[in-house]
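Peer 1: Okay, here's the structure, questions in a sec.
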Amino acid sequence: RKPSLFFNIGFITFDNTNNPKCNTKTPRCARGKNIFDMRYIFIPIHHGLHFTCAVIYMEEMKIEYYNSLRFDNETRHGCKHKVKMQEDTLQVLRDYLQKEHMKEKHIDLPNEWKLYTMCNVPQQDTTNTTDCGVFVCMYCNFILNDCKLDFKQDNITNSDWRDRMILSILSVKPKKYKEKTTMTKSHLAQ
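Numbering (the working numbering), first residue to last: 314 to 503.
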């Protein structure tokens, strides 16, 4: 199975008129890896007070944008300006892939690449405005593990998923981790 890659937050930024752009100076995790050797590329996006994400499916030649905020209770479709922002972000990511493909392979990116705003994915309850980051983590985790995106707000609110996520994060040791590191009060204050 091919590896996947996670880009750092800040890879996609927005100018004063809410136009997205790629900040290629932002380092990505696993630097030096060829993005075209990856299975998935996960791109968390922070826009104002809200987190969303895009996922590049390298083998399937598609890019999908995931947003957990429910815009319309009936149809789950966002208002036009938010869908436009998502479509613009997807196009910026496709343009980024085109540039990288030209640098790496010296030919244009194939035309078969598709862009999707994902409206029928798990979304936050209308009264919940704080779980967008949890939803982004859940989208990425489910996709990475080839699971259907079939969870609900109740699964996050009424289960141990948050605890599992915290334990998963805490179990990752930095590369330069020293086993005998002792914590002092000054470390804890930071």
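Note that CB positions come from ideal geometry on N, CA and C, so glycine has one too.
Do TYR353 and CYS366 have their C-beta atoms within less than 8 Å of each other?
Peer 2: No, the Cβ-Cβ distance between TYR353 and CYS366 is not below 8 Å.
Peer 1: When you compare only the Cα positions, how much space is there between LYS461 and VAL434?
Peer 2: 10 Å
Peer 1: Since THR365 sits in a beta bridge, which residues does DSSP pair it with?
Peer 2: Per DSSP, ILE358.
Peer 1: Report the rounded CA-to-CA distance for VAL485 versus GLU377, giving the unit in angstroms.
Peer 2: 27 Å
Peer 1: Candidates GLN436, ASP350, GLY361, THR330: which alpha carbon is nearest GLU372's?
Peer 2: ASP350
Peer 1: Apply the 10 Å Cβ neighbour rule to GLN411 and answer buried if 16 or more other Cβ atoms are within range, or exposed otherwise.
Peer 2: exposed
Peer 1: Note the first and the last residue of the continuous alpha helix (DSSP H) segment covering LEU480.
Peer 2: Counting along the chain, the alpha helix (DSSP H) containing LEU480 begins and ends at 474-484.
Peer 1: Cα separation between LEU457 and THR443?
Peer 2: 23 Å
Peer 1: Can you say whether SER472 is buried or exposed, counting buried as having 16 or more other CB atoms within 10 angstroms of its CB?
Peer 2: exposed
Peer 1: DSSP three-state call for ASN464: helix, strand or coil?
Peer 2: Correcting the residue type first, residue 464 is Phe in the shown sequence and not Asn. Here PHE464 sits in coil by DSSP.
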